[in-house]
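Residue numbers (the working numbering): 677 to 888. Think of the CB as a built atom: it goes at the ideal place given N, C-alpha and C, for glycine as much as any other residue. Written below as structure tokens is the structure these notes are about.
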Amino acid sequence: MLLDKLDNNCQVCFVSDKLIPNDEIETDSRKVEILEGAIGVFLRYGFKKTSMDDVAKSVSISRQALYLYFADKEDLFKEGLRYFFATSFRSAAQILNQKKIPIEEKLFLALEAWLGRYVGGKSSEADDLILASKGLVSGLICSYEEKFYLALIEAIRDSKLNAYYIKKGIGPEQITNTLRAMAQGFKFSCDSDASFKIKLKESIQVICAPIL
677 MLLDKLDNNC QVCFVSDKLI PNDEIETDSR KVEILEGAIG VFLRYGFKKT SMDDVAKSVS
737 ISRQALYLYF ADKEDLFKEG LRYFFATSFR SAAQILNQKK IPIEEKLFLA LEAWLGRYVG
797 GKSSEADDLI LASKGLVSGL ICSYEEKFYL ALIEAIRDSK LNAYYIKKGI GPEQITNTLR
857 AMAQGFKFSC DSDASFKIKL KESIQVICAP IL
């Protein structure tokens, strides 16, 4: 996956660069097409091997036209990550805010929206994406990660799942950390979206078994 770049030991991340979450998601349809196309190209070739020509060809525009939108490859990569995280967070947050969805379904859909995009889609050529992401937008990534898991904690806190586990001395933060570890492990190990969904659903069913 494109964004396999977060330190798994980091429970709370601090913004270390000037890129911070911007929940105003890009609406220019042509720019969105370029950003989505660029993500696919970076996944295929990695950061170093991807060229502006590659991205331009993927969305059928000239290299000169691409430079009207982005100053260089780093700018395109940063904006691609910002777009990716903003849209992933929006989708997940909308799910977590739905009061009528059962908690087991809510956890599955939210984690799928947050971590499931492009599972199995990264080629071996793209191994440098992790390093490139850390070097260019580590603060952005950590900030969105923190926002998502705080929202997940609150969704669990407001559920009957919390009512059960709190009696066992297990709080929503601990449940969230467990879900995070499992889901991120599946993201790294699964070679397809279908496999990721199966493993994620099974793990959530185990955690939610006492209330099902």
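- Between which two residues does the alpha helix (DSSP H) harbouring residue 835 extend? Counting from one through the sequence shown, the residue named residue 835 turns up at place 159. Per DSSP, residue 835 is not a residue of any alpha helix (DSSP H), being assigned neither H nor E.
- What's the call for residue 710, buried or exposed, on a 16-neighbour Cβ count within 10 Å? Position 34 of the sequence shown, counted from the start, is the residue given in the question as residue 710. Its Cβ being crowded by 16 or more others within 10 Å, residue 710 is buried.
- Message: Out of 861, 706, 707, 714, which one is the CA nearest neighbour of residue 792?
- Response: What you label residue 792 is simply residue 116 of the sequence shown in a count that begins at 1. For residue 792, the nearest C-alpha among the options comes from 861.
- Between which two residues does the alpha helix (DSSP H) harbouring residue 850 extend? In the sequence shown, the residue the question calls residue 850 occupies position 174. Residue range 848-865 is occupied by the alpha helix (DSSP H) that includes residue 850.
- Simplified DSSP assignment, three categories, for residue 715: Here residue 715 refers to the residue found at position 39 of the sequence shown. Three-state DSSP puts residue 715 in a helix.
- So, are the CB atoms of residue 825 and residue 886 less than 7 Å apart? Residue 825 sits at position 149 when you count from the first residue of the sequence shown. Residue 886 sits at position 210 when you count from the first residue of the sequence shown. No. Outside cutoff.
- Can you check whether the CB of residue 754 is closer than 7 Å to the CB of residue 805? If you number the sequence shown from 1, residue 805 lands on position 129. If you number the sequence shown from 1, residue 754 lands on position 78. No.
- Go ahead and label residue 701 buried or exposed: buried means 16 or more other beta carbons lie within 10 angstroms of its beta carbon, across all protein chains shown. One-based indexing of the sequence shown puts residue 701 at position 25. By the neighbour-count rule (16 or more Cβ atoms within 10 Å), residue 701 is not buried but exposed.
- Message: Tell me which residues share the same chain as residue 838 and place their Cβ nearer than 6 Å to its Cβ, disregarding the 5 neighbours each side in the sequence.
- Response: Position 162 of the sequence shown, counting from 1, holds the residue named residue 838. Cβ within range, chain order: 832, 848.
- To the nearest whole angstrom, what separates the beta carbons of residue 765 and residue 836, a pair I think is in contact under 8 Å? Translated into the one-based positions of the sequence shown, residue 765 becomes position 89. Translated into the one-based positions of the sequence shown, residue 836 becomes position 160. Contact flag wrong, Cβ pair sits at about 25 Å.
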